[in-house]
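Numbering (this note's numbering), first residue to last: 3 to 156.
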């Protein structure tokens, strides 16, 4: 298995990422009770033009098992905008490997931000394991909350 930068201008790569995103985020939508998660609204074209940087974990057959996306939305801050793992490959350390890769690619930033559905316990566990602390909870729909986490370098 290897982690590499994903070239979304390649139609095959973009299609594979879109399919992974839809199967992964459909499960989160069920978990948190909210079907209108923005990644589920993406088309291949909107994914290709989102401006985020994607890294994918591929198996030896070049099958995309997981991906993470990042964006520098604020100065000195990296936002992890998406984290997805194919459900057939849950609990194999893929998300953790992708998190480590992000920190290796962007080692000197003072702050990292990530958000997830408050009820998405696997994601909450992943982010807290990597030192993220909850800083804000936002209601995005009746009974649905989004927790934002920060990890500061110091």
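All C-beta atoms in this analysis are idealised placements derived from N, C-alpha and C, irrespective of residue type, glycine included.
> What residue from 114, 51, 59 has the CA that sits closest to residue 153's CA?
Replying inline: Counted from its first residue, the chain shown places residue 153 at position 151. Checking every option, the nearest Cα to that of residue 153 belongs to 114.
> residue 53 by DSSP, collapsed to three states: which one?
Replying inline: The count along the chain shown starts at 1 and reaches residue 53 at position 51. Residue state, collapsed to three classes: coil.
> In its own chain, which residues sit with a C-beta less than 7 Å from the C-beta of residue 41, not counting the 5 before and 5 after it?
Replying inline: The residue labelled residue 41 in the question sits at position 39 within the chain shown. Counting only Cβ-Cβ distances below 7 Å, and skipping sequence neighbours, we find 23, 27, 84.
> Considering only the beta carbon of each residue, do residue 25 and residue 88 sit closer than 8 Å?
Replying inline: The residue given as residue 25 occupies position 23 in the chain shown. The residue given as residue 88 occupies position 86 in the chain shown. Taking 8 Å as the Cβ cut-off, residue 25 and residue 88 qualify as a contacting pair.
> In this structure, does DSSP put residue 147 in helix, strand or coil?
Replying inline: Taking the chain shown and counting its residues from 1, the one referred to as residue 147 is at position 145. Note: residue 147 maps to strand in three-state DSSP.
> If you count every other CB in all the chains shown that lies within 10 Å of the CB of residue 140, and 16 or more means buried, which is it?
Replying inline: Taking the first residue of the chain shown as position 1, residue 140 is located at position 138. Burial call: exposed.
>> Just to confirm, is the Cβ distance from residue 111 to residue 70 under 8 Å?
In response: Position 109 of the chain shown, counted from the start, is the residue given in the question as residue 111. Position 68 of the chain shown, counted from the start, is the residue given in the question as residue 70. Against a cut-off of 8 Å, the Cβ pair of residue 70 and residue 111 comes out as no contact.
> For the alpha helix (DSSP H) that residue 17 lies in, which residues bound it at each end?
Replying inline: Within the chain shown, numbered from 1, the residue matching residue 17 stands at position 15. Note, residue 17: alpha helix (DSSP H), 13-34.
>> So, under 8 Å CB-CB, residue 96 and residue 49 are touching, yes? Tell me the CB distance rounded to an integer number of Å.
In response: Reading the chain shown from its first residue, position 94 is the one you call residue 96. Reading the chain shown from its first residue, position 47 is the one you call residue 49. The pair is not a contact, with the Cβ atoms about 20 Å apart (cut-off 8 Å).
> Pick from 44, 8, 33: whose alpha carbon is nearest that of residue 126?
Replying inline: Taking the first residue of the chain shown as 1, we reach residue 126 at position 124. Here the closest residue by C-alpha is 33.
>> Which residue wins for smallest C-alpha separation from residue 116, given the options 14, 63, 133, 5?
In response: By one-based count along the chain shown, residue 116 stands at place 114. Here the closest residue by C-alpha is 133.
>> Going by the DSSP bridge assignment, what does residue 58 pair with across the sheet?
In response: By 1-based counting over the chain shown, the position of residue 58 is 56. Answer by DSSP bridge pairing, in chain order: 6, 69.
>> Looking at residue 72: is its Cβ nearer than 8 Å to the Cβ of residue 104?
In response: Indexing the chain shown from 1 puts residue 72 at position 70. Indexing the chain shown from 1 puts residue 104 at position 102. Cβ distance < 8 Å, so residue 72 and residue 104 count as in contact.
> In three-state DSSP terms, what is residue 78?
Replying inline: One-based indexing of the chain shown puts residue 78 at position 76. Looking at residue 78 - three-state DSSP - the assignment turns out to be coil, as it is neither helix nor strand.
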